[in-house]
Amino acid sequence: MADMDRIMSMRVFERAATDGSLSAAARHLGMSPAMATKHVNALEARMGVKLFHRTTRRLTLTEAGSNYLDACQKILPAIDEAEAEAASQRIKATGLLRMAVPLSFGQGFVAPLMPAFAHRHPEVTVELGLSDAELDIIAGSWDLAVRVGRLADSPLQARRLGNSPMLVCASPGYLDQRGVPRRVAELIQHNCLGYTLSGTQGREYWAFGPGGEVRVPVSGNLLANNGDALLAAAVRGQGIIYQPKFIVGQALARGELVALELDRPPVELGGIHVLYPPDRRPPAKVRVMVDYLAECFERDPP
């Protein structure tokens with residue numbers, strides 16, 4: 095018998111020892127008497143000892159069989175308990191949920207949702223990994239991740255949470271001093287603050303058009319790998335930034351920034367998604383978080 099059958103062999107042995115009959119054990123476990131006999135024979139062959147004295151009427155434990163029965167009666171309930179605990183996590187939301195989230199988006203839009211989630215699911219502990227680097231979900235043992243932008247091909251499951259429109263912005267003070275660009279080509283004359291983790295609004299060029307087909311050379315005296323850092327500089331008049339609405343929205347509403355209307359539309363970033371490992375039946379803690387984020391962002395888009 096293969097190693098994968100060892101636990102079943104232990105169950106057959108334990109039941110046969112309790113009932114005193116391989117036939118009775120077979121009926122209880124839903125298998126043929128011949129299969130039950132093979133399980134016990136496999137155990138005896140593996141360990142090199144006899145577990146039963148066999149007669150035509152009854153099985154009697156050998157000394158080795160008696161000792162092995164004691165061990166099985168300790169091990170099998172522990173296995174059953176472990177399996178029940180694992181199965182319950184698919185039904186009931188419990189345990190540690192590790193979620194990787196972009197820094198600015200996580201601080202501004204995910205962390206504020208966690209108190210209500212905790213109230214709804216008190217047996218789930220959430221660990222937020224806040225980073226603008228694209229963390230490997232599988233290698234990093236993350237339960238799920240929120241991604242902003244276009245998704246690369248992968249086996250991960252994805253659910254769209256919302257849009258992420260891009261905007262080109264500057265402070266009123268900067269525009270009063272340097273003028274208001276009307277065409278994307280004019281950006282070459284301005285101080286453009288680049289986002290180093292992006293291929294569309296980085297240090298050397300900014301891309302425009304739905305697919306980023308128009309590339310405009312840019313330069314500036316500040317580069318950063320975080321949108322909030324660029325936002326803070328732009329609000330204080332240092333230059334122009336090209337960032338998602340969830341980064342600049344509040345500053346626009348307060349009048350600290352102005353959205354520029356250029357002759358080419360911003361690139362389409364690709365939306366906001368939550369990703370999780372491919373699992374036909376993900377744990378309940380993952381399902382409830384995915385549903386909760388979708389519910390929140392449908393009600394109040396970022």
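The opening position of the sequence shown corresponds to residue 95 in the working numbering, with each subsequent residue numbered one higher.
Every residue, glycine too, gets a C-beta built ideally from N, C-alpha and C.
Note that this is a predicted model, so its numbers are computed, not measured.
- Query: If we count the other Cβ atoms within 10 Å of its Cβ and call it buried at 16 or more, is Leu191 buried or exposed?
  - Reply: buried
- Task: Pick helix, strand or coil for Gly256, following the three-state DSSP scheme.
- Result: strand
- Measure the Cβ-Cβ separation of Pro259 and Ile282 and say whether it is below 9 Å. no
- Message: At the level of alpha carbons, what is the spacing between Asp385 and Arg140?
- Response: 49 Å
- In or out: Pro396 buried (at least 16 other Cβ within 10 Å) or exposed? buried
- Might you give, ordered along the chain, the residues of its own chain that have their beta carbon closer than 8 Å to the beta carbon of Glu228, omitting 5 neighbours on each side? Arg241
- Query: When DSSP labels each residue in this structure, what does Ala96 get in the three-state scheme?
  - Reply: Unreliable placement is indicated for Ala96, whose pLDDT of 47 sits below 50; the coordinate value is still reported in the next sentence. Three-state DSSP puts Ala96 in coil, outside helix and strand.
- Take Gly202 as the anchor and find which of Lys186, Leu250, Thr294, Pro338 has the nearest alpha-carbon. Pro338
- Roughly how many angstroms lie between the CA atoms of Ala205 and Gly321, to the nearest whole one? 17 Å
- Taking the alpha-carbon positions, what's the Ala158 to Asn135 distance? 14 Å
- Query: Are the CB atoms of Ala264 and Leu325 nearer to each other than 9 Å?
  - Reply: no
- Query: Is the beta carbon of Ala252 within less than 8 Å of some heavy atom of the ligand ATP?
  - Reply: As far as ligands go, the structure on display features none, and thus does not contain the ligand ATP.
- What does a CB cutoff of less than 8 Å around Gln251 pick up in its chain, not counting 5 residues either side in sequence? Leu369, Tyr370, Pro371, Pro372, Asp373, Pro376
- Message: Rounded to the nearest angstrom, what separates Ala327 and Leu316 at their Cα positions?
- Response: 9 Å
- Item | Entirely enclosed alpha helix (DSSP H) segments - the stretch 313 to 393, minimum 4 residues | 321 to 329, 339 to 347, 378 to 393
- Message: Within the continuous beta strand (DSSP E) that includes Met141, where are the two ends?
- Response: Counting along the chain, Met141 falls outside any beta strand (DSSP E), though it belongs to the alpha helix (DSSP H) covering 127 to 141.
- Neighbourhood of Ser103 by C-beta distance below 8 Å, restricted to the same chain and skipping five residues each side: Closer than 8 Å at Cβ, skipping near neighbours: Met95, His133, Val134, Ala136, Leu137.
- Report yes or no: do three or more beta-carbon pairs, one from the stretch 344 to 362 and one from the stretch 266 to 278, lie closer than 8 Å? Contact annotation: the stretch 344 to 362 touches the stretch 266 to 278, with at least three C-beta pairs closer than 8 Å.
- Message: So, with DSSP's three-state summary, where would you put Glu298?
- Response: In the three-state DSSP reduction, Glu298 falls in the coil class, being neither helix nor strand.
- Message: Using the Cβ count rule (16 or more neighbours within 10 Å means buried), how would you classify Asn285?
- Response: By the beta-carbon neighbour count (other beta carbons within 10 angstroms, threshold 16), Asn285 is buried.
- Query: In the stretch 174 to 259, which residue ranges form an unbroken alpha helix (DSSP H) of at least 4 residues, counting only runs that do not cross its ends?
  - Reply: 208 to 214
- Message: For Ser117 and Leu153, what's the separation of their Cα atoms in angstroms?
- Response: CA-to-CA, the gap between Ser117 and Leu153 works out to about 11 Å.
- Item | Contacting residues, own chain, Cβ-Cβ under 8 Å from Met98 (five flanking each side not counted) | Confidence is the limiting factor: at Met98 the pLDDT is only 43, short of 50, which leaves the residue's position unreliable and the question unanswerable from this model.
- Query: Counting Cβ pairs closer than 8 Å, one from the stretch 159 to 169 and one from the stretch 207 to 225, do we hit at least three?
  - Reply: By the Cβ criterion, the stretch 159 to 169 is not in contact with the stretch 207 to 225, since fewer than three pairs of Cβ atoms, one from each stretch, lie closer than 8 Å.
- Message: What residue range does the beta strand (DSSP E) around Arg309 cover?
- Response: 308 to 311 is the span of the beta strand (DSSP E), which, as asked, contains Arg309.
- Message: Just verifying my parser: in three-state terms, what is the DSSP assignment at Arg109?
- Response: helix
- Task: Could you tell me if Gly243 is buried or exposed, where buried requires 16 or more neighbouring beta carbons within 10 angstroms of its beta carbon?
- Result: So Gly243 ends up on the buried side.
- In terms of residue numbering, what span does the alpha helix (DSSP H) encompassing His147 cover? Note, His147: premise wrong, no alpha helix (DSSP H); beta strand (DSSP E) at 146 to 148.
- Task: Express the C-alpha separation of Ala194 and Pro216 in angstroms, rounding to a whole number.
- Result: Going by C-alpha positions, Pro216 is about 20 Å away from Ala194.
- With DSSP as the reference, please indicate the residues paired to Asn285 in a beta bridge. Ser313
- Item | Presumed contact (8 Å Cβ cut-off) between Gly200 and Leu224, rounded CB distance | 5 Å
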